[in-house]
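Trainee:
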């Protein structure tokens, strides 16, 4: 009787990629708390200010990592960089609107649908096969999302929930762009997203007649979010993405889904509705099911 071959340890670069992506999720989990602490600014104003902090951080990081001008690298990156940047702007906008218009728990849990959107897009665009158990998990996740979106308790809103799903789709497209351009430097995509957001949100504020000058409190919180929450998280996520398959990237960053509602409950006393609890439990169970079965298989061969 032959003995089973011992399990091979994950490559060191894969482990480092996992750790970076998990840490990114922890940083992102504080975004809901940050937005709740903002008193007057609307989504367009928050994103306008937050993007300055994000762009400044990315400029410094890219300069230190490559010694080159981020704009030059962005042009070299081509379509993956441009698409990645534009999809992040969509994710930013949907995310802030969702948190301002529904509960943080609803928003964070609906953001968790991103792994399944990523898996389907990776299958269609990159040819990364979606396994049978992932399709089962996707169907279960859709059921959980349906329960959450149908919540009529007043704790959540349909527009906020739909915005959260739109944000998840934007982040899924960003993840696909990262995998598409993984053989090059992809941090310029995040830098480009900041520049795009500054221009687009600035124009929207002017058209809507919203002041570009915020209170020191709101402006300071938004800038710090760009630097320490979103910016640092995206740097870690982008670097880690080079060593982690697309369908696993968003799964590993789901610390934000669990921790996000915890922070606002601990510091602001915000609770969740019954529909959110039931739908969120179904969604998280689908994610855990997919991740558990995924860990039992041999990791797919990917180009790094």
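Numbering (our numbering), first residue to last: -7 to 296.
Note that CB positions come from ideal geometry on N, CA and C, so glycine has one too.
Just so we're clear, the structure is a prediction, and the values are computed from it rather than from any experiment.
DSSP on residue 133, reduced to helix/strand/coil?
Mentor: Residue 133 falls in the helix class under three-state DSSP.
Trainee: Could you give the distance in angstroms between the alpha-carbon of residue 194 and the alpha-carbon of residue 205?
Mentor: Roughly 11 angstroms between the two C-alpha positions.
Trainee: Here's the rule: buried if 16 or more other CB atoms are within 10 angstroms of the residue's CB, otherwise exposed. What is residue 298?
Mentor: An answer regarding residue 298 cannot be provided, because it is not within the stretch -7 to 296 covered by the chain.
Trainee: Starting from residue 85, trace the alpha helix (DSSP H) in both directions and tell me its first and last residue.
Mentor: That run of the alpha helix (DSSP H) goes 62 to 93.
Trainee: Answer yes if the stretch 33 to 50 comes into contact with the stretch 116 to 126, meaning at least three C-beta pairs across the two stretches below 8 angstroms, and no otherwise.
Mentor: With the cut-off at 8 angstroms, the stretch 116 to 126 and the stretch 33 to 50 do not touch.
Trainee: Exposed or buried, which one is residue 142 when buried takes at least 16 other CB atoms within 10 Å?
Mentor: Result: exposed.
Trainee: Tell me which residues share the same chain as residue 185 and place their Cβ nearer than 6 angstroms to its Cβ, disregarding the 5 neighbours each side in the sequence.
Mentor: Counting only Cβ-Cβ distances below 6 angstroms, and skipping sequence neighbours, we find 77, 80 and 81.
Trainee: Looking at the unbroken alpha helix (DSSP H) that takes in residue 32, where does it start and where does it end?
Mentor: Where residue 32 is concerned, there is no enclosing alpha helix (DSSP H), given that its DSSP letter is neither H nor E.
Trainee: If we count the other Cβ atoms within 10 Å of its Cβ and call it buried at 16 or more, is residue 284 buried or exposed?
Mentor: Flag for residue 284 reads exposed.
Trainee: Taking all protein chains shown into account, do 16 or more other C-beta atoms lie within 10 angstroms of the C-beta of residue 282, making it buried, or fewer, making it exposed?
Mentor: Buried: at least 16 other Cβ atoms inside 10 Å.
Trainee: If we call anything under 8 angstroms between Cβ atoms a contact, is residue 225 one with residue 9?
Mentor: Taking 8 angstroms as the Cβ cut-off, residue 225 and residue 9 do not qualify as a contacting pair.
Trainee: Starting from residue 163, trace the alpha helix (DSSP H) both ways and give me its first and last residue.
Mentor: Here the alpha helix (DSSP H) through residue 163 covers 150 to 172.
Trainee: Specify, as a first and last residue, the run of the alpha helix (DSSP H) that residue 230 falls within.
Mentor: Here the alpha helix (DSSP H) through residue 230 covers 224 to 232.
Trainee: From residue 66 to residue 180, what distance separates their C-alpha atoms?
Mentor: Whole-angstrom Cα-Cα distance: 5 angstroms.
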